[in-house]
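>
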Amino acid sequence: HHHLTIPTSSFLSSSEMPTTAHKYDSLVETKQRRRKVHYAQSFCCVIITILLALQCLFFIGIRREEHFVRLANTTLSNYQTNRVCVRSVISTNTSSSTNSTNNNSTQDPLALPTPCSTDFVTMEKRTYEASLTHSSSSDIAHCGECGKCSTDDDIELMIRTKDTLTKDATKCALRGLLFGDHSMEKCLQTIGFTSGCSTCWKENIKCTTSNCKYTCLKYKYLSEPNNNEGGGLNSCLECDEKMCGPQFIKCAGCNRRRLGIISDIGRDDQEQCNITEIDENINY
653 HHHLTIPTSS FLSSSEMPTT AHKYDSLVET KQRRRKVHYA QSFCCVIITI
703 LLALQCLFFI GIRREEHFVR LANTTLSNYQ TNRVCVRSVI STNTSSSTNS
753 TNNNSTQDPL ALPTPCSTDF VTMEKRTYEA SLTHSSSSDI AHCGECGKCS
803 TDDDIELMIR TKDTLTKDAT KCALRGLLFG DHSMEKCLQT IGFTSGCSTC
853 WKENIKCTTS NCKYTCLKYK YLSEPNNNEG GGLNSCLECD EKMCGPQFIK
903 CAGCNRRRLG IISDIGRDDQ EQCNITEIDE NINY
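Going from the sequence shown to our numbering is simple: count from 1 and add 652.
1. Which value, in whole angstroms, describes the spacing of the CA atoms of Ile857 and Thr682?
2. Should Glu797 and Cys864 be called a contact, given that it needs their Cβ atoms to be closer than 8 Å?
3. List the endpoints of the continuous alpha helix (DSSP H) containing Cys903.
4. Measuring CA to CA, which of Thr861, Cys925 and His794 is closest to Met895?
5. Indicate whether Ile712 and Thr867 have their beta-carbon atoms separated by less than 8 Å.
6. Would you list the one or two residues that DSSP bridges to His794?
7. Taking the alpha carbon of Asn938 as the reference point, which residue from Ile927, Thr928 and Glu923 has its own alpha carbon closest?
8. For the candidate residues Cys925, Glu893, Asp791 and Ala782, whose alpha-carbon lies nearest to that of Leu723?
9. I'd like to check one pair, Gly912 with Cys925: are the Cβ atoms closer than 8 Å?
10. Express the C-alpha separation of Leu840 and Asp917 in angstroms, rounding to a whole number.
11. Which of the three DSSP states, helix, strand or coil, is assigned to Asp820?
12. Name, in chain order, the residues that DSSP records as bridge partners for Thr771.
13. Taking only the alpha-carbon atoms, compute the straight-line gap between Ile811 and Ser850 and give it to the nearest angstrom.
14. Taking C-alpha atoms, which residue in Pro898, Ala705, Leu704 and Glu837 lies nearest to Asp820?
15. What's the C-alpha gap between Cys891 and Val773?
16. Rounded to whole angstroms, what is the Cα-Cα separation between Tyr780 and Phe831?
17. Is the beta carbon of Cys859 less than 8 Å from the beta carbon of Cys801?
18. So for Glu776, helix, strand or coil by DSSP?
19. In terms of residues, what are the limits of the alpha helix (DSSP H) holding Lys854?
20. Quick one: give me the first and last residue of the alpha helix (DSSP H) that Lys838 is part of.
21. Is the beta carbon of Cys888 less than 8 Å from the beta carbon of Tyr873?
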């Protein structure tokens, strides 16, 4: 009889011999890991592609806006004008005023002052100067034609907020861009403009959003100052002034430059009205 000899080393325990099921599970796990890695890589590629596309769109938008700003005319004509907006104080009780003048000895020292109203009228500068008399109760409110912001309340507001108005208006513009017109209007109301003047500011913000949004987003992201190192306006303010300034000033009539107010935006003397007679320290 022939005896078959089998080496003992050929016998393995069940724990040492991988089963077919174990091999299959290991293969499935490997495929799942590879699939997850592939999905993650694909997702990252899509995100990077979208970001690059947005970046390209952003810079194309900036270049396009800068091109139109370079082609736009200067706005100096709005401030170097022969027309002025004249502020006239009109007595609403002329008979009372006349009687008190003719009878000063019996005038009550505790009597209330005569009620007055203010009227703003556009005039040629030489016509205004020719009409001046020693008893005149009128003065030049601002350069250029009167508009919806040519009111005592709006002038007083511009004087009071001369160092903060740019920042506040920019905040309202960003709220309009992100949350819509209603949010922008509420923001403008908190600044304190009259209804008519607020309409001009709202339309100006819409104009700026339409023509300067990429440039102004860059300005906001980089936190650029109002004036660059050379003294000129930053790119956002320059775009707003050239693309939307003429339309705004036609509606508003009055702004800080036309009032001759030195504000948080640096200007050359030729870009600022210098014939106004309103004292910045007086509340109107």
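Note that the Cβ used here is the ideal one computed from N, Cα and C, for glycine as well.
In terms of the structure at hand:
1. Walking along the sequence shown from the start, residue 857 turns up at place 205. Walking along the sequence shown from the start, residue 682 turns up at place 30. Their backbone Cα atoms lie some 57 Å apart in a straight line.
2. One-based indexing of the sequence shown puts residue 797 at position 145. One-based indexing of the sequence shown puts residue 864 at position 212. No, the Cβ-Cβ distance between Glu797 and Cys864 is not below 8 Å.
3. Walking along the sequence shown from the start, residue 903 turns up at place 251. Run containing Cys903: Ser887 to Ala904, per the alpha helix (DSSP H) assignment.
4. As a first step, residue 895 must be located in the sequence shown, where it is residue number 243. With distances taken between Cα atoms, Met895 lies closest to Thr861.
5. By 1-based counting over the sequence shown, the position of residue 712 is 60. By 1-based counting over the sequence shown, the position of residue 867 is 215. No. Outside cutoff.
6. Walking along the sequence shown from the start, residue 794 turns up at place 142. For His794, which the question treats as bridged, DSSP gives the partners Cys737.
7. Within the shown structure, residues of the chain are numbered from 653 to 936, placing residue 938 beyond reach of any answer.
8. Here residue 723 corresponds to residue number 71 of the sequence shown, with the count starting at 1. Ranking the options by Cα distance to Leu723, first place goes to Glu893.
9. In the sequence shown, the residue the question calls residue 925 occupies position 273. In the sequence shown, the residue the question calls residue 912 occupies position 260. The answer is yes: Cβ separation under 8 Å.
10. Counting from 1 along the sequence shown, the entry for residue 917 is found at position 265. Counting from 1 along the sequence shown, the entry for residue 840 is found at position 188. Looking at the sequence itself, residue 917 is Ile, so the reference to Asp does not match. Cα to Cα, Ile917 sits roughly 20 Å from Leu840.
11. Indexing the sequence shown from 1 puts residue 820 at position 168. Note: Asp820 maps to helix in three-state DSSP.
12. As a working mapping, residue 771 is identified with position 119 in the sequence shown. The question names Thr, yet the displayed sequence has Asp at residue 771. Note: Asp771 sits in a beta bridge opposite Ser740.
13. Taking the first residue of the sequence shown as position 1, residue 811 is located at position 159. Taking the first residue of the sequence shown as position 1, residue 850 is located at position 198. Spanning the two alpha carbons is a distance of roughly 16 Å.
14. As a working mapping, residue 820 is identified with position 168 in the sequence shown. Residue Glu837 is the option with its Cα nearest to Asp820.
15. Residue 891 sits at position 239 when you count from the first residue of the sequence shown. Residue 773 sits at position 121 when you count from the first residue of the sequence shown. One C-alpha to the other measures close to 31 Å.
16. Mapped onto the sequence shown, residue 780 falls at position 128. Mapped onto the sequence shown, residue 831 falls at position 179. Tyr780 and Phe831: Cα-Cα distance of roughly 46 Å.
17. On the sequence shown, residue 859 is found 207 positions in, with the first residue counted as 1. On the sequence shown, residue 801 is found 149 positions in, with the first residue counted as 1. Contact: no.
18. Here residue 776 refers to the residue found at position 124 when the sequence shown is read from its first residue. Looking at Glu776 - three-state DSSP - the assignment turns out to be strand.
19. Counting from one through the sequence shown, the residue named residue 854 turns up at place 202. Taken as a continuous stretch (DSSP letters only), the alpha helix (DSSP H) holding Lys854 covers Ser847 to Leu874.
20. Numbered from 1 along the sequence shown, position 186 holds the residue referred to as residue 838. Counting along the chain, the alpha helix (DSSP H) containing Lys838 begins and ends at Asp833 to Ile843.
21. Counting from one through the sequence shown, the residue named residue 888 turns up at place 236. Counting from one through the sequence shown, the residue named residue 873 turns up at place 221. It is not a contact, given that the beta carbons lie outside the stated cut-off.
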